[in-house]
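All residue numbers for the sequence shown refer to the numbering used here, where the first residue is 256 and numbers rise by one.
In this text, a Cβ means the ideal position worked out from N, Cα and C, and glycines have one as well.
These notes are about the structure you will find just below.
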Amino acid sequence: MARFRQNPAAEKVLVRDSEFQLPVYARFPVVMDRGEGVYLFDSSGNRYLDMMAGLGVNALGHAHPRMVRATAEQAAKMIHLSPQYCTPYAGELAERLCALSGLAGAFYSTGGSEAVEGALKLARAHAKHNYSDRKFRVLSLEGSYHGRTYGSLSVTGQAKYRDDFEPGIPGADFVPRGDLAALRAAVTDDTCAILLETVLGEGGVYELSTEYLQEARRLADKHHAVLILDEIQCGLGRTGKWFAYEHHEGVRPDVLLLGKPLGGGLPLSALLVNAELFHSLGLGKHGSTLGGSPLACRLGLEYLEVVEDEGLLDRVTDTGIYLRQRLDALAASSDIAVEARGIGLIQGLELTLPGRPMAEEALEQGLMLNFVQGNVMRFLPAFLLERSHVDDAMQIIEPLMAAASEAIASEALVAAR
Ligand SMILES: Cc1ncc(COP(=O)(O)O)c(C=O)c1O
256 MARFRQNPAA
266 EKVLVRDSEF
276 QLPVYARFPV
286 VMDRGEGVYL
296 FDSSGNRYLD
306 MMAGLGVNAL
316 GHAHPRMVRA
326 TAEQAAKMIH
336 LSPQYCTPYA
346 GELAERLCAL
356 SGLAGAFYST
366 GGSEAVEGAL
376 KLARAHAKHN
386 YSDRKFRVLS
396 LEGSYHGRTY
406 GSLSVTGQAK
416 YRDDFEPGIP
426 GADFVPRGDL
436 AALRAAVTDD
446 TCAILLETVL
456 GEGGVYELST
466 EYLQEARRLA
476 DKHHAVLILD
486 EIQCGLGRTG
496 KWFAYEHHEG
506 VRPDVLLLGK
516 PLGGGLPLSA
526 LLVNAELFHS
536 LGLGKHGSTL
546 GGSPLACRLG
556 LEYLEVVEDE
566 GLLDRVTDTG
576 IYLRQRLDAL
586 AASSDIAVEA
596 RGIGLIQGLE
606 LTLPGRPMAE
616 EALEQGLMLN
626 FVQGNVMRFL
636 PAFLLERSHV
646 DDAMQIIEPL
656 MAAASEAIAS
666 EALVAAR
């Protein structure tokens, strides 16, 4: 990637990163300097169209003027405070999130995994106090992703992430996505929680059907399990509605998990519960030193207001429809594409080959792409994205796909000779 290596200062940053940061991420050889809206600029001044928005966090793009102002104002007053003290923002944000979701109360933590941990503890405590000690099993989906901490990892349905760290927490059960019979067979009176991503994100971008979600709701009621919807990736506007479950008639969670964009880029996640569960995590049973800081909650409120004031849910819907049309057309015309999936601005294009080389090529041409499961191009752009940005992205993606397809064809020709 010649473009980045030309900058000696950037080269130093890359070398230092690889020397002093654990090799957990396959980082791209570029040093980003600043962002503006849907664009990022590297330390050599090159511009990139950002189609992954910090893995879905930067839903308002980069350096949104209202978020910058709110950050500066609040940082000058107070950044952090022990959660044992009150500021206006944590309660106001909780009230707002409850009003939007119809749920009754919130607990804040920092990242998504931590919200999942809280939900697992809450579901187990509720089951233990109200039903039996044996009711501790958690059902989630094969291919799901709920985080990297021990509990959240244990209920993540991908062995490749769990294998090195087994045994995880006891009582984690998995069923294949979309299989109603398997779901019915797996939920028992020992199940304390059914945990589902309304749209699976990291697992490859799969929407759950209304029928499947309704059945999960029914089974949770029947067996006195709590239905936890993990909308850390797909919630807070990404599907064109505040919450992805709103696309599904009759589906309401008992516990809703939110994160990613909630703190406007600061670490903030929330666990929202219904009225029955309000007291399930009682005094001293849970905590998070950094959770719900005044700064993060103030940004959370600003985030919700900006989405409303700028009509961004409609924008997500409109741009999402257009993105999907373009991806469907590409999937139909390319022999290395399997299908396009998703809704709003959480979309995926599954390829028949690993995406990393294409992501590196795209970066070289000024486009930030993200792949999950190795071969699913996942789009999680800022809600500010417009149709013209989709066109710009496609102008880079389509030739890259064509080139990859040609390369495969010529390799096959050589092999056949
Ligand atoms: C659905 C879902 N749940 C949980 C998590 C974990 O969140 P975090 O990485 O903030 O801990 C993620 C992260 O991608 C996610 O997509």
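Evaluate residue i with the Cβ neighbour count: other Cβ atoms within 10 Å of its Cβ, from every protein chain shown; 16 or more gives buried, anything less gives exposed.
i, result
"Ser548", "buried"
"Glu486", "buried"
"Asp476", "exposed"
"Phe275", "exposed"
"Thr326", "buried"
"Ser588", "exposed"
"Met333", "exposed"
"Pro522", "buried"
"Ala584", "exposed"
"His534", "exposed"
"Ala648", "buried"
"Pro422", "exposed"
"Thr446", "buried"
"His384", "exposed"
"Ser395", "buried"
"Thr544", "exposed"
"Val627", "buried"
Less than 6 Å between C-beta atoms, sequence neighbours within five positions excluded: which residues of the same chain meet that for residue i?
i, result
"Pro431", "Glu397 and Ala437"
"Gly316", "Gly292, Val293, Ala637 and Leu639"
"Asp305", "Val293, Leu295 and Met623"
"His335", "Ser548"
"Leu668", "none"
With respect to the beta strand (DSSP E) encompassing residue i, which residues constitute its N-terminal and C-terminal limits?
i, result
"Ala361", "Gly360 to Ser364"
"Ala427", "Ala427 to Val430"
"Cys447", "Thr446 to Leu451"
"Ser395", "Arg392 to Leu396"
"Asn625", "Asn625 to Val627"
"Phe634", "Val631 to Phe634"
Using a Cβ cut-off of 9 Å (strictly closer), state whether residue i contacts chain C.
i, result
"Glu666", "In summary, chain C is missing from the structure at hand, where a single protein chain is found."
For the alpha helix (DSSP H) that residue i lies in, which residues bound it at each end?
i, result
"Val270", "Pro263 to Phe275"
"Ile652", "Arg642 to Ala671"
"Asn385", "Gly367 to Asn385"
"Met613", "Arg611 to Glu619"
"Arg417", "Ala414 to Arg417"
"Arg439", "Leu435 to Ala441"
"Ser407", "Tyr405 to Ser409"
Contact defined as beta carbons within less than 8 Å: I believe residue i pairs with residue j. What is the distance between those atoms, to the nearest angstrom?
i, j, result
"Leu352", "Ala345", "Rounded, the Cβ-Cβ distance is 11 Å, inconsistent with contact."
"Glu457", "Ser407", "Wrong, their Cβ atoms sit about 12 Å apart, outside the cutoff."
"Ala319", "Val561", "Correcting the residue type first, residue 319 is His in the shown sequence and not Ala. Between Val561 and His319 the Cβ distance is about 7 Å, and since that is below 8 Å, they are a contact."
"Glu557", "Gly519", "6 Å"
"Glu605", "Asn630", "6 Å"
"Val268", "Val286", "5 Å"
"Glu452", "Ser524", "Not really, about 14 Å apart at Cβ, beyond 8 Å."
"Leu655", "Ala617", "6 Å"
"Arg392", "Gly426", "4 Å"
"Arg493", "Val571", "7 Å"
"Gly599", "Arg633", "Not confirmed; about 13 Å, so no contact."
Near residue i, which residues of its chain fall below 8 Å by C-beta distance, leaving aside the five closest residues on each side in sequence?
i, result
"Trp497", "Leu355, Ser356, Gly490, Leu491 and Leu568"
Quick one: which unbroken beta strand (DSSP E) runs of 3-plus residues sit fully inside the stretch 579-603? Chain order, please. Positions of the beta strand (DSSP E) runs, each at least 3 residues long and wholly inside the stretch 579-603, are given as 592-598 in order along the chain.
Sequence ranges, beta strand (DSSP E) only - wholly within the stretch 471-557, length at least 3: 481-485, 510-513 and 524-528
Where are the alpha helix (DSSP H) runs, 4 residues long or more, that stay fully inside the stretch 264-343, in chain order? 308-311 and 320-332
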